[in-house]
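Notes for the one structure printed next.
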Amino acid sequence: MIPHTNTKTVLLPPILSTAAMVQNMSFDAKGFDYCTIDIIGGTSVTTTQMFDTIRVFEHDTTTAATSMTQIVALSGSTATNATYGFAIGTLSATTIGHVITLQFGLKGKKRYIGLSLLASAAGGAGVICAIAKLSRAETAPTTAVLKDGENLADTAVTGCMTLVTTE
């Protein structure tokens, strides 16, 4: 198996997120075994925490991410409690930027996966985005259209350009 042939990419495009703004994405994970989500925070003019919460959800039907069931182990906050499984480290927005990577298996998960990012209420504006990579497909996506996952939370997003070759 060539590692990146059985993958699909879903994009939450770079967005200028202001204080306490929520950004969401959701996607269909049917037919894939694994998911990696890279959450990327850019730089800003303020030194406050970039994210207050990162939440991952699952559901049997397509719906808004925040209407899905939260997966506690994959959700983080600036402090752990019964609602969040991990603590987000200090991510000052004036640093060079940062990436939080979540890696998890999809076996036993529901068909649709959602992601919700809450920017810090005390923060100024900062650029955030997320890239979800689904892998180990039952059937290899063989065209660019099949490799481009749709962000169901924002149908205006065209996704990622993917070049598929036979070499």
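Under our numbering, the residue at position 16 of the sequence shown is numbered 79, and the numbers go up by one with no gaps. Just so it is clear, CB atoms sit at the ideal spot from N, CA and C, and this is done for glycine as well. All values reported here derive from a predicted model rather than from experimental measurement.
With a 10 Å radius around the Cβ and a threshold of 16 neighbouring Cβ atoms, D115 comes out buried.
Take the alpha-carbon of G94 and the one of T72: they are about 14 Å apart.
Beyond the five residues adjoining it in sequence on each side, Q133 comes within less than 8 Å, by CB distance, of R118, V119, F120, T146 in the same chain, given in chain order.
Nearest neighbour of D96 by Cα position, chosen from G168, K173, E213, turns out to be G168.
Straight-line spacing of the CA atoms in Y175 and T106 works out to 31 Å.
In the DSSP assignment, D211 falls outside any beta strand (DSSP E) and carries neither an H nor an E. Here D91 is bridged, per DSSP, to Y175. Look at A136 here: in three-state DSSP terms it is helix.
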